[in-house]
Amino acid sequence: MRAGRTEMTMAFDKNSTAAEVVAGHDLTGKEVIVTGGASGLGAETARVLALAGARVVVAGRDAGRGEAAVRRLREETGNRAVEFSELDLGSLASVRAFTERYAATGRSLHLLINNAGVMASPLTYTEDGFESQFGTNHLGHFALTAGLRPALAAAGGGARVVALSSRAHRRGDIDLDDPNYRHRPYDPWESYGQSKSANALFAVELTERWATDGITANALNPGAIMTDLQRHIATGELQDMGWADADGNRITPQGWKTVEQGAATTIWAAVAPELEGVGGHYLDDCAIATPWTADDQPPFGHYLARILDPERAERLWTLSEKLIG
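The sequence shown: position 238 = 238 (my numbering), numbered continuously.
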C-alpha cells in the first residue's frame, strides 16, 4: 500500500543536513524513540528531533553511555524531555522489557526510528540463537516494532516507522531457508547485506499490514559515514578499502557524508509532508529512490528491486513472526 500525499514541498539532496531538513517543523507534543541514539547517526537524529521540540527516548544497550548522551542532548537542545531507556536488540527479553516499560508510560508513539545496528561482525549468535547481524539489525527491530504497535496506533494516524537500510543491501539477499547461517558458509558482508535487505522488506510489509492503523514505514540509505559502525572491521581490511591510513587511523574517504548529512534522510523520512500516509519505499538522499533491475551494481539514488518485492516481504514477515515466537 502506497497511498497518501506525494506533492513535494522542498527539495533536499545529498549535501543537506538533518538540521536543515527539520527546520520549520514544530514537533512539540510528538513522542519519538531512536534506537542507537547515544552515538553516531542516532545521536544526531535524536538531537535535531529534540531541537524541534519532540520528547525523545534514546534507546541503547549501555546505560552509562546512554545517560551521558541524554545529559549532553538536554544541554545542547534545551529540551528536558529527552530520556534514556535500556534496550539490547540482541535479546528478545530486553526488547520485551523495553516495550513493557514504554506501555506503562501510557504515551502514544508518533515516530520510531530503527537506527541501531552492527556491521560486518564475526559469526556470533544472539542469546536467542539468531546470527548476530540478522538478529540485531532485523529481528530485534521487528520484535521492538511489533511490541510498540499499540503505542503507534494510539497516535491517532500518521505514525511513522523509519528503518535504516544501506546501499550494502546489494551484498546479500534474504536466505529464507537459512537466515541464521546454520548450514551455509558465513560471510560477514553477505550477512550485513541480508540484514539490510530485510530492513527494506520489513517496511514494505509493515505498511501493507498496518496502514489501517495509520502506521506507515519507509526504509532508507543514510549514505557512507564514518562512525562506530565500522568497529568490527579489521585494520587491514579498513586499509585495503581506503578507510584507514598506513598507520591504521580511520580516514573519511572522498565523497562520504558527515554525520550531520548522514542523518538528513532519516529526518526527511520522519517529517516530510510529502511522505504523510506514504510507506513501503526506499529513500536515498532525501528523495524516493529508483529501482534498478540490471545485474550490475545500482548507482547512487537507486536500489535493487528485490528489496521491495511484496511477495518476499510477506514471506520474511511470516518467518520473522515464527522466529521470535
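Idealized CB from N, CA, C, for every residue including glycine. Everything numeric in this text was worked out from a predicted model, so none of it was measured.
Supposed close pair residue i, residue j - CB separation, criterion 8 Å
{"i": "Thr266", "j": "Asp285", "result": "About 12 Å separates the two Cβ atoms, so there is no contact after all."}
{"i": "Ser320", "j": "Phe130", "result": "In fact, because the Cβ distance is near 10 Å, the residues do not count as touching under 8 Å."}
{"i": "Gly214", "j": "Ala269", "result": "Between Ala269 and Gly214 the Cβ distance is about 16 Å, and since that is not below 8 Å, they are no contact."}
{"i": "Tyr282", "j": "Ala219", "result": "5 Å"}
{"i": "Leu109", "j": "Leu49", "result": "Going by Cβ atoms, the distance from Leu109 to Leu49 rounds to 13 Å, so no, they are not a contact pair."}
{"i": "Val95", "j": "Leu144", "result": "5 Å"}
{"i": "Asp128", "j": "Gly135", "result": "7 Å"}
{"i": "Ala224", "j": "Trp256", "result": "5 Å"}
{"i": "Gln194", "j": "Gly172", "result": "4 Å"}
{"i": "Ser85", "j": "Ala59", "result": "5 Å"}
{"i": "Glu260", "j": "Glu44", "result": "6 Å"}
{"i": "Asn114", "j": "Ala163", "result": "5 Å"}
{"i": "Trp292", "j": "Leu308", "result": "Rounded, the Cβ-Cβ distance is 11 Å, inconsistent with contact."}
{"i": "Val32", "j": "Ala54", "result": "5 Å"}
{"i": "Asn199", "j": "His138", "result": "6 Å"}
{"i": "Arg61", "j": "Leu87", "result": "7 Å"}
Residue i, buried or exposed, once every other Cβ within 10 Å from all chains shown has been counted against 16
{"i": "Asp296", "result": "exposed"}
{"i": "Glu208", "result": "buried"}
{"i": "Leu275", "result": "buried"}
{"i": "Gly325", "result": "exposed"}
{"i": "Ala203", "result": "buried"}
{"i": "His25", "result": "buried"}
{"i": "Pro185", "result": "exposed"}
{"i": "Ala289", "result": "buried"}
{"i": "Arg80", "result": "exposed"}
{"i": "Leu27", "result": "buried"}
{"i": "Asp177", "result": "exposed"}
{"i": "His302", "result": "buried"}
{"i": "Leu73", "result": "buried"}
{"i": "Ala104", "result": "exposed"}
{"i": "Thr99", "result": "buried"}
{"i": "Gly279", "result": "buried"}
{"i": "Gly36", "result": "buried"}
{"i": "Gly29", "result": "exposed"}
{"i": "Thr124", "result": "exposed"}
{"i": "Asn221", "result": "buried"}
{"i": "Ala313", "result": "buried"}
{"i": "Gly78", "result": "exposed"}
For residue i, the three-state DSSP class (helix, strand or coil)
{"i": "Phe202", "result": "helix"}
{"i": "Trp210", "result": "helix"}
{"i": "Lys30", "result": "coil"}
{"i": "Ile324", "result": "helix"}
{"i": "Val278", "result": "coil"}
{"i": "Ile174", "result": "coil"}
{"i": "Ala224", "result": "coil"}
{"i": "Ala116", "result": "coil"}
{"i": "Thr77", "result": "helix"}
{"i": "Thr17", "result": "coil"}
{"i": "Tyr125", "result": "strand"}
{"i": "Leu152", "result": "helix"}
{"i": "Trp317", "result": "helix"}
{"i": "Ala25", "result": "In the sequence as displayed, the identity of residue 25 is His instead of Ala. Coil at His25, not helix or strand."}
{"i": "Phe98", "result": "helix"}
{"i": "Ala38", "result": "coil"}
Residue(s) in a DSSP beta bridge with residue i
{"i": "Asn137", "result": "Answer by DSSP bridge pairing: none, since Asn137 is not bridged."}
{"i": "Gly60", "result": "Glu86"}
{"i": "Thr290", "result": "His302"}
{"i": "Asn218", "result": "Val162"}
{"i": "Arg55", "result": "Glu31"}
{"i": "Leu111", "result": "Val32 and Arg160"}
{"i": "Lys257", "result": "Ile225"}
{"i": "Glu131", "result": "Tyr125"}
{"i": "Lys296", "result": "The question names Lys, but residue 296 in the sequence shown is Asp. Paired residues: none, contrary to the question."}
{"i": "Asp284", "result": "Asn221"}
Residue i CB to nearest heavy atom of the ligand MN below 7 Å
{"i": "Asn114", "result": "The ligand MN is absent from the structure shown, which contains no ligand whatsoever."}
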